[in-house]
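Comments concern the structure below.
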Amino acid sequence: MKRILLYGFSGFDRFSRNPSRDVVNALAAGRIAGVKVDKIIFKVAYAHVEQKVPRLLAKAEYDAVIGFGLARGATGIRLEKEAHNLINSKTADTDGIHHNRRKIIRGGPDRYLSSVSLTRLRSALIKEDIPAAVSHDAGGYVCNFTYYHILHQLRSRQSRSRCLFVHIPLSCEIVCRMNGAAASLPQAVLTRAGRVIIGKILQIG
32 MKRILLYGFS GFDRFSRNPS RDVVNALAAG RIAGVKVDKI IFKVAYAHVE
82 QKVPRLLAKA EYDAVIGFGL ARGATGIRLE KEAHNLINSK TADTDGIHHN
132 RRKIIRGGPD RYLSSVSLTR LRSALIKEDI PAAVSHDAGG YVCNFTYYHI
182 LHQLRSRQSR SRCLFVHIPL SCEIVCRMNG AAASLPQAVL TRAGRVIIGK
232 ILQIG
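Numbering (the numbering used here), first residue to last: 32 to 236.
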């Protein structure tokens, strides 16, 4: 049986509800034949992530580690090709900690690349009528911080786990609850995108 780790994030800033949490919870609750799914919802906090990541990856040798996070203003699925060794954000985390222009890991590589074939993955999403693009910038906030830490741990352990981080837009449901208008996709579409991504990475469909 294959084993995967899915992760998302809790609310932050003015978004008390994070669509990445909803996607991960929905995927973990659904059944994927021949796959054991572990999940975690990270706080949007640097210290929390830094503490949790090594322990999580020490628990098992995962076939894949797949993360989801909110990208404000995104109009579709963004498949993140690389994680950069830099915190570059003026926004404090949910612990009130603010870092800017700081290395994530001193002495670490400037970037790590995903081991997943993103061109094929994007094509699989487009085929399902889900808008998707390959991105080379996971941002400078906690999403990129987490992605870099996970890739660093996996490479340090010489793990064969495939790893990918996916930025998603707001869900329509969250936007409606905010009584506003913003780029969004239905939560069901975001969850379906997650299933396509898992299936393609594990080559089960």
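From the three backbone atoms N, C-alpha and C, an ideal C-beta is built for every residue, glycine too.
Predicted model only: the values in this text are computed from it and were never measured.
{"Check": "Determine, using beta carbons only, whether Thr125 and Val75 come nearer to each other than 9 Å.", "Outcome": "yes"}
{"Check": "Whose C-alpha, out of Glu81, Ile63 and Ser202, is nearest the C-alpha of Phe176?", "Outcome": "Glu81"}
{"Check": "Please report the residue range of the beta strand (DSSP E) in which Asp53 lies.", "Outcome": "Counting along the chain, Asp53 falls outside any beta strand (DSSP E), though it belongs to the alpha helix (DSSP H) covering Pro50 to Ala60."}
{"Check": "Among residues of its own chain, excluding the 5 on either side of Val206, which ones have a beta-carbon nearer than 6 Å to its beta-carbon?", "Outcome": "Ala213 and Ser215"}
{"Check": "Just the C-alpha distance for Val68 and Lys231, rounded to the nearest angstrom, thanks.", "Outcome": "15 Å"}
{"Check": "In the structure shown, what three-state DSSP assignment does His180 receive?", "Outcome": "helix"}
{"Check": "Are Ala163 and Leu110 touching if we call contact CB-CB under 9 Å?", "Outcome": "yes"}
{"Check": "When DSSP labels each residue in this structure, what does Arg151 get in the three-state scheme?", "Outcome": "helix"}
{"Check": "Taking three-plus beta-carbon pairs below 8 Å as touching, is the region 177–192 in contact with the region 140–152?", "Outcome": "yes"}
{"Check": "Count the other CB atoms within 10 Å of the CB of Leu4; is the residue buried (16 or more) or exposed (fewer)?", "Outcome": "Only positions 32 to 236 of the chain appear in the structure, and residue 4 is not among them; the question remains open."}
{"Check": "Could you tell me which residues DSSP puts in a beta bridge with Asp69?", "Outcome": "Leu36"}
{"Check": "On a Cα-Cα basis, can you pick out the residue from Arg45, Ser166 and Gly225 that is closest to His115?", "Outcome": "Ser166"}
{"Check": "For Arg223, count neighbouring C-beta atoms within 10 Å of its own C-beta (all shown protein chains included) and say buried if the count is 16 or more, exposed if not.", "Outcome": "buried"}
{"Check": "Let's see if you can read the secondary structure: which residues bound the beta strand (DSSP E) around Ala199?", "Outcome": "Note on identity: in this sequence residue 199 is Ile, with Ala being the wrong assignment. From DSSP, the beta strand (DSSP E) with Ile199 extends over Arg193 to Ile199."}
{"Check": "To the nearest angstrom, how far is the alpha carbon of Ile35 from that of Val220?", "Outcome": "21 Å"}
{"Check": "Output the distance between the C-alpha atoms of Gly65 and Met32, rounded to the nearest integer angstrom.", "Outcome": "5 Å"}
{"Check": "Taking 9 Å as the cut-off, decide whether the C-beta atoms of His198 and Ala95 are in contact.", "Outcome": "no"}
{"Check": "Just verifying my parser: in three-state terms, what is the DSSP assignment at Glu92?", "Outcome": "coil"}
{"Check": "Return helix, strand or coil for Phe165, following the three-state DSSP convention.", "Outcome": "Here the sequence assigns Val to residue 165, which means Phe is not the residue at that position. Strand, per DSSP."}
{"Check": "Ignore the nearest five residues each way along the sequence and tell me which others in Ser41's own chain have a CB closer than 8 Å to its CB.", "Outcome": "Asn49, Arg52, Ile72, Phe73, Lys74, Val75 and Thr125"}
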